[in-house]
Amino acid sequence: MYVSTRGNSDLVSASQGIAMGMVPGGGLFVPSVLPKLTIAQMQSMVGQPYQRVAEWILGYYLDDYTKDEIAECVAGAYSKENFPKEDIAPLVKIGEGLYILELWHGPTAAFKDMALQLTPRLLVKAIEKDQSAKEVVILVATSGDTGKAALEGFKNIPGTKIIVFYPVDGVSKVQELQMVTTDGDNTFVVAVDGNFDDCQSGVKEIFADQELIKLLDQGGYQFSSANSINWGRLLPQIVYYFTSYFNLVRDQGISFGDQVNYVVPTGNFGNILAAWYAKNMGLPIGKLICASNENKVLTDFFATGVYNKNRDFVQTNSPSMDILISSNLERFLYGVTGADGPKIAGWMEVLKHTGEFKVDEVTKRKMDEFVVSGYANQEETLQEIKACFGEREYLLDTHTAVALKVYEDYRLSSGDERVTVIDSTANPYKFVASVYGALTSESVLKEDELDLLDKVEALTGVAVHRGLVGLGNKQVMHKMHCAGDKLAESVRSILGL
Ligand SMILES: *Cc1c(COP(=O)(O)O)cnc(C)c1O
3 MYVSTRGNSD LVSASQGIAM GMVPGGGLFV PSVLPKLTIA QMQSMVGQPY
53 QRVAEWILGY YLDDYTKDEI AECVAGAYSK ENFPKEDIAP LVKIGEGLYI
103 LELWHGPTAA FKDMALQLTP RLLVKAIEKD QSAKEVVILV ATSGDTGKAA
153 LEGFKNIPGT KIIVFYPVDG VSKVQELQMV TTDGDNTFVV AVDGNFDDCQ
203 SGVKEIFADQ ELIKLLDQGG YQFSSANSIN WGRLLPQIVY YFTSYFNLVR
253 DQGISFGDQV NYVVPTGNFG NILAAWYAKN MGLPIGKLIC ASNENKVLTD
303 FFATGVYNKN RDFVQTNSPS MDILISSNLE RFLYGVTGAD GPKIAGWMEV
353 LKHTGEFKVD EVTKRKMDEF VVSGYANQEE TLQEIKACFG EREYLLDTHT
403 AVALKVYEDY RLSSGDERVT VIDSTANPYK FVASVYGALT SESVLKEDEL
453 DLLDKVEALT GVAVHRGLVG LGNKQVMHKM HCAGDKLAES VRSILGL
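The working numbering runs 2 ahead of the 1-based position in the sequence shown.
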């Protein structure tokens, strides 16, 4: 069963939590207990295919789904068509005890596919279980990658509509084209005049807008979310921490029980939170290294215990991490405070009104046990791409480059020599203008970004991701715009309410 991080909801089943997306009065659903695995249980899964490990992990959390339902969802999500490579999340060695976990072999070239191919399938099953369920309207706020991954996951799924909001100047040309060329008769894409936080706050307000929800209900609809506030989005991400660890044991001479560090380029704190759940389930993870860009709210939070979003929002070359309000942090805080819902509710209330909150000493010490954090600026990010390609012959995207830089700083300052895995969250071609700039020191206009795909391929010998080939020839299907504070109006007009 699932509870609210703010202690303001009755227990709900997995399917109810997934169908609802978030707690109606604010707050996120979290499991009431975390399954604990023994070394023997985990060891027995080493060498199993990704799909088997996924079924095994999901089985612990989705009590009201049958084994067959889970297997069907997993098979659809991680099919050959979606993930043509034999290895769904390959590990690549780039140094002594240093590995890149490539999470971008899905259809849209970002790690969001790892979850978003599964979330819609879980959601459709959840709706089937609930007799009173209505047509589901998925609302998505995206800093670029979630939007396309969610559109691909939900398009043409019966009983659903999906509306994606993206910040008009906050995404790369490739990301924008990926979204606005999506077909499917249930997809809607809206360019918002604002930044990602405007999109995310707007969507959260819609979820809390009782009047609109009533209107929606009368129209035969209900809202849900494909952002990582939805448990059905977060859960699939736990799986690759297990499979990557298992691969290290199978192929790289790690003994089961040796601690491995994970470095996670972080925005909404979803991906790193999944690693934290894996650690709490018993996986031998050492440090979780939280890597941010210049929007370093989290770096400051882990350094001082003060979360302060009152600062300038910086549009960086790692746009999927340009976030000042990390939604999933409250799930982590719920965990480290020992499930203190009222305390979390208090902090979130203060955050909402003042833009900051401070955790107590005990909580701060708990945070420090698990997480270290750091950030890289835009110049360092580009230098890292160039250096890594020159020295290790591995082409990084900007987000993964932030992670590698933060890791190198951490290793120097801490002397921690443990085996380390860096989550690679996007294929380099998704952010090709920055990658090209890093390699050649030439800058490019946004309009000319698509020409760079072939140029970088010729320059590096690294093949363009299949999801990005021919993007410029696809028809633009979506041309809607809205103001940063008018998301609700936009939803009403799309649904005819
Ligand atoms: C979404 C995204 C991130 C941030 O992940 P969170 O789960 O929000 O912390 C990092 N890199 C890329 C490429 C992304 O698309």
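Ideal placement from N, C-alpha and C gives every residue a C-beta, glycine not left out. Since this is a predicted model, take the numbers as computed values, not measurements.
Can you round the beta-carbon distance between residue i and residue j to whole angstroms, since I take them to be within the 8 angstroms contact cut?
i, j, result
"P238", "M116", "6 angstroms"
"V205", "L489", "7 angstroms"
"E451", "A435", "5 angstroms"
"G272", "L217", "The Cβ separation is near 30 angstroms, so there is no contact."
"A405", "I387", "No, A405 and I387 are not in contact; Cβ-Cβ is about 12 angstroms, not under 8 angstroms."
"N429", "A79", "So it is not a contact: roughly 19 angstroms between Cβ atoms."
Which residue comes first and which comes last in the beta strand (DSSP E) that contains residue i?
i, result
"I287", "I287 to S294"
"P33", "F31 to P33"
"Y223", "Y223 to S227"
"I90", "Unbroken run through I90: none, as it is neither H nor E."
"Y168", "T162 to P169"
"Y52", "Per DSSP, Y52 belongs to no beta strand (DSSP E); it is in the alpha helix (DSSP H), Y52 to Y63."
"A143", "E137 to A143"
"S495", "Taken as a continuous stretch (DSSP letters only), S495 belongs to no beta strand (DSSP E), being part of the alpha helix (DSSP H) at L489 to L497."
"V5", "Y4 to S6"
Terminal residues of the continuous alpha helix (DSSP H) containing residue i?
i, result
"N282", "G272 to M283"
"V76", "K69 to A79"
"Y309", "Unbroken run through Y309 is the beta strand (DSSP E), V308 to N310; no alpha helix (DSSP H)."
"L100", "Not the alpha helix (DSSP H): L100 falls in the beta strand (DSSP E), residues L100 to E104."
"P546", "There is simply no residue 546 to check, as the chain begins at 3 and stops at 499 in what is shown."
"M482", "Here M482 belongs to no alpha helix (DSSP H); instead the beta strand (DSSP E) covers M482 to A485."
"Y438", "V434 to T442"
"V126", "T121 to K131"
"Y336", "L331 to V338"
"V176", "K175 to V182"
"Q45", "I41 to Q45"
"T318", "From DSSP, T318 is part of no alpha helix (DSSP H); its letter is neither H nor E."
"I20", "A16 to M22"
"T148", "D147 to F156"
"A117", "K114 to L118"
"V361", "Looking at the DSSP string, V361 is not in any alpha helix (DSSP H), and its letter there is neither H nor E."
"M460", "Residue identity check: residue 460 is Ala in the sequence provided, not Met. Unbroken alpha helix (DSSP H) run through A460: L454 to T462."
Hey, would you say residue i sits closer than 8 angstroms to residue j, going by beta carbons?
i, j, result
"F225", "I240", "no"
"Y101", "V265", "no"
"K512", "T383", "Nothing about residue 512 can be reported from this structure: the residues present for the chain run from 3 to 499 only."
"T144", "G234", "no"
"S294", "Y377", "yes"
"I274", "V493", "no"
"K345", "L326", "no"
"K163", "N188", "yes"
"V352", "D399", "no"
"F113", "D199", "no"
"K432", "Q177", "yes"
"V142", "A152", "yes"
"A341", "N10", "no"
"V466", "L250", "no"
"G486", "D211", "no"
"S329", "S230", "yes"
"K281", "N263", "no"
"M44", "G284", "yes"
"Y4", "A16", "yes"
"W349", "F359", "yes"
"L441", "L454", "no"
"E296", "G99", "no"
"G259", "I41", "yes"
"Y223", "K127", "no"
"R8", "G29", "yes"
"A91", "S246", "yes"
"L179", "L473", "yes"
"Y396", "I96", "yes"
"G203", "G269", "Residue 203 is actually Ser in this sequence, not Gly. Their beta carbons are not under 8 angstroms apart, which means S203 does not touch G269 by this criterion."
"Y412", "V364", "no"
"K366", "G307", "yes"
"F248", "C201", "no"
"L118", "L103", "no"
Is any heavy atom of ligand 2 found at a distance shorter than 7 angstroms from the C-beta of residue i?
i, result
"D132", "In the structure shown, ligand 2 is absent; the only ligands present are ligand 1."
- Item | Any alpha helix (DSSP H) of 4 or more consecutive residues that is wholly inside the region 370–425 | Taking only runs of at least 4 residues, the alpha helix (DSSP H) segments lying wholly in the region 370–425 are 380–394 and 400–416.
- Which whole runs of the alpha helix (DSSP H) in the region 184–269 are 4 residues long or more, in chain order? If only uninterrupted alpha helix (DSSP H) runs of at least 4 residues are considered, those enclosed by the region 184–269 are 198–210, 212–220 and 233–253.
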